[in-house]
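Protein chains in written order, with this note's numbering: chain A, 2 to 78; chain B, 23 to 403. Cβ atoms here follow ideal geometry from the backbone N, Cα and C, with glycine treated the same way. Bear in mind the structure is a predicted one, so any value in this text is a computation, not a measurement.
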Amino acid sequence: MCLAIPMRLVELLPQGMALAEHDGVRKEVSVVLLKEPALDDYVIIHVGFALSKVDPREARATLDLLTEMAAPGTRPA
Amino acid sequence: MMRFVDKFRDRDLARRLAYTIAAEARPEQTYTLMEFCGGHTHAIARYAIQEMLPPVLRMAHGPGCPVCVLPAARVDAAIAIAMQTDVTLCTYGDVLRIPGCRHDSLLTAKAAGADVRIVYSPADALALAQALPGRRVVFFAVGFETTTPPTAVVLLDARQHGISNFAVFCNHVLTPPAIAAIFDTPEDDRSRPCLDGVLGPAHVSTVIGSDAFARFPRDYAMPVVVSGFEPLDILQSILMLVRQINRGSAEIENQFSRGVTAEGNRIAIDLMAQTFETRETFEWRGLGFLPRSALRLRPEFAAWDAEKISPPPPAAAEEPHTACACAEILRGRANPADCRLFGAACTPDTPVGACMVSSEGACAAEWAYGRARRANEKERA
């Protein structure tokens with residue numbers, strides 16, 4: 002029940018629904034909780050509802066930051 | 023195509039982050055960090071994150087597993103609803119095995135003839151009500167702020183479409199009051215954990231926003247980092263907490279900036295406000311009654327409120343197993359392996375305590391991922 006997965010919106014459907022895809026699996030989800038859902042948005046799906054969008058630029062920025070925080074090339078003793 | 027998930031599981035980066043944490047954690051002090059959310063507990067066990075951390079740093083499990091904290095009295099009320107002959111009770115799969123006061127569950131009720139069905143989404147329960155006009159379909163709603171907006175959406179749909187054979191048995195609970203309850207435990211109380219920082223839940227925060235946790239740094243001088251659920255998210259958040267602790271600051275930081283904003287999801291918050299109001303008090307398994315910690319339907323939705331339609335019977339006295347350590351584990355005071363019942367009387371097939379019932383529970387996570395690790399340790403020793 003607490004499982005939430007990131008999926009990509011591949012088709013917008015009538016009545017606040019959309020087709021979302023992850024790893025080739027497609028699922029109909031509700032996008033009524035999103036402001037302006039758009040094709041190719043990455044979203045976090047929870048019990049059949051998209052709760053929020055995942056911002057790819059922020060994801061990249063987080064990866065860059067944690068790469069910078071990580072010790073260079075060393076392995077823990 | 024972007025593969026976020028793979029990148030946030032990069033093994034080499036994880037090792038290097040762990041090395042940075044070990045280098046920056048001061049050996050002369052201890053760092054006890056509580057991960058509130060069961061999703062974090064699960065990921066920490068699955069990716070053996072505790073084993074990557076220096077000995078001075080301990081992760082304490084929190085009460086953020088809605089299945090684990092659902093009290094036996096509410097399970098009994100759901101069973102009583104399900105046993106009514108005209109009712110079809112729908113709920114999430116991991117709710118079915120939660121033990122009630124007399125150690126029965128919705129699963130045993132189903133075996134005894136009750137019409138109990140697993141749904142993936144509350145929308146499925148509403149669709150079932152439309153498909154079965156002769157039945158009263160009750161959705162047993164459980165969960166934190168992540169599952170609450172979907173319940174709000176189906177309630178509004180039921181009202182809009184005049185679906186009168188649908189009702190919600192509401193057990194939605196709130197994250198910030200549960201964290202506050204742990205900090206508000208009196209200093210001299212043995213059950214009060216000594217915490218240095220909190221890993222905040224990302225998915226809850228997509229809805230309520232990271233600012234919902236701002237009172238913990240402000241009122242309790244407690245550093246909080248809202249963290250994603252991938253191993254690198256968790257390690258980065260732990261490092262952010264270690265850095266806050268080292269410089270003596272207490273702030274709210276948002277590691278999961280790719281999905282969480284300070285203010286949260288305005289649409290979801292508005293829909294919840296239209297449909298729910300805060301209860302004066304609500305019981306949490308292991309934590310007792312916590313003020314203003316749960317939601318009920320607003321009076322306008324009485325026609326869809328299972329508690330109004332058939333009030334739950336008075337709660338029977340719970341008979342907790344005297345050796346069960348769940349209450350201590352939910353407060354971050356004990357680890358699953360500290361419990362005498364763990365892995366002996368209490369397993370996922372025969373759960374005694376709530377932390378073993380849900381796969382997100384601390385004991386179930388330790389059972390699933392910890393045994394192989396301990397076997398390895400024994401072999402190496």
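Legend entry - Three-way DSSP call (helix, strand, coil) for I274 of chain B in this model: strand
Legend entry - Three-state class that DSSP yields for I46 of chain A in the structure shown: strand
Inset, instruction - Along the beta strand (DSSP E) that carries M18 of chain A, what are the first and last residues, could you check? - result: M18 to H23
Legend entry - Within chain B, the residues that A72 of chain A reaches when beta carbons sit closer than 7 Å: R38, Y41, T42 and A45
Inset, instruction - Use the C-beta contact count for Q182 of chain B: other C-beta atoms within 10 angstroms, 16 or more gives buried, fewer gives exposed. - result: exposed
Legend entry - Short Cβ contact (8 Å threshold) for D137 of chain B with L111 of chain B: yes
Inset, instruction - Using 10 angstroms around the beta-carbon of R353 of chain B, count the other beta-carbons present and answer buried if the total reaches 16, otherwise exposed. - result: buried
Inset, instruction - Compare the C-beta of V11 of chain A with all C-beta atoms of chain B and state if any pair is closer than 8 Å. - result: no
Legend entry - Classification of R68 of chain B by the beta-carbon crowding that lies within 10 angstroms, buried from 16 upward: exposed
Legend entry - Neighbouring residues, chain B, relative to P38 of chain A (Cβ below 9 Å): Chain B residues near P38 of chain A: none, gap ~11 Å exceeds 9 Å.
Legend entry - DSSP beta-bridge partners of I256 of chain B: Per DSSP, none; premise fails for I256 of chain B.
Legend entry - Inter-residue spacing [alpha-carbon to alpha-carbon] between T283 of chain B and P38 of chain A: 17 Å
Legend entry - Pick from B:D371, B:A356 and B:G375 that is closest to L363 of chain B, judged by C-alpha positions: B:G375
Legend entry - Residue span of the alpha helix (DSSP H) that contains T173 of chain B, given as start and end: T170 to Q182
Inset, instruction - Count the other CB atoms, across all protein chains shown, that sit within 10 Å of the CB of E305 of chain B; report buried if there are 16 or more and exposed otherwise. - result: buried
Inset, instruction - Let me know if G25 of chain A comes out buried or exposed under the rule of 16 or more other beta-carbons within 10 Å of its beta-carbon. - result: exposed
Inset, instruction - Output, in chain order, the set of chain B residues within a Cβ distance shorter than 8 Å of D56 of chain A. - result: S279, R280 and G281
Inset, instruction - List the residues of chain A whose Cβ lies closer than 8 Å to the Cβ of T63 of chain B, in chain order. - result: Result: empty, since nearest Cβ-Cβ is about 10 Å, beyond 8 Å.
Inset, instruction - Below 8 Å between beta carbons is the criterion; list the residues of the stretch 15-36 of chain A that meet it against any residue of chain B, in chain order. - result: S31, V33, L34, L35 and K36
Legend entry - Rounded C-alpha distance that separates M23 of chain B from K29 of chain B: Any reading at M23 of chain B needs caution, since the residue's pLDDT is 43, under 50, leaving its predicted position unreliable; the model's value is listed next. Roughly 12 Å separates the two Cα atoms.
Inset, instruction - Can you tell me which of the three DSSP states C385 of chain B falls into? - result: helix
Inset, instruction - Can you give me the Cβ contacts of R48 of chain B inside the same chain, cut-off strictly under 8 Å, excluding the 5 residues immediately before and after it? - result: V78 and N268
Legend entry - Option in B:S381, B:W389 and B:E350 with minimal Cα separation from A367 of chain B: B:W389
Legend entry - For P85 of chain B, the first and last residue of its enclosing beta strand (DSSP E): L79 to G86
Legend entry - Straight-line Cα distance separating P334 of chain B from L293 of chain B: 26 Å
Inset, instruction - Say whether chain A places a C-beta atom closer than 8 Å to the C-beta of L35 of chain B. - result: yes
Inset, instruction - Compare the C-beta of E69 of chain A with all C-beta atoms of chain B and state if any pair is closer than 8 Å. - result: no
Inset, instruction - Please compile the residues from chain A whose C-beta is within a distance smaller than 8 Å of the C-beta of A290 of chain B. - result: L34 and L52
Inset, instruction - Assign D98 of chain B to one of two classes, buried (16 or more other C-beta atoms within 10 Å of its C-beta) or exposed (fewer than that). - result: buried
Legend entry - Pair within 8 Å by beta-carbon distance, P245 of chain B and L257 of chain B: no
Inset, instruction - Report the residue ranges of all alpha helix (DSSP H) runs contained in full by the stretch 278-353 of chain B; include only those spanning at least 4 residues, in chain order. - result: 288-297, 328-331 and 348-352
Inset, instruction - Spatial neighbours of E273 of chain B within its chain, please: CB distance less than 7 Å, with the 5 preceding and 5 following residues excluded, ordered by chain position. - result: P239, P245 and Q266
Legend entry - 6 Å Cβ shell around I331 of chain B - same chain, five flanking residues per side excluded: A189
Inset, instruction - Compare the C-alpha of K36 of chain A against each of B:G383, B:G286 and B:T344 and name the closest. - result: B:G286
Legend entry - Proximity to P223 of chain B [Cα-Cα], best of B:T42, B:A387, B:H83 and B:A386: B:H83
Legend entry - Neighbour-count burial assignment, G270 of chain B, 16 or more Cβ in a 10 Å radius: exposed
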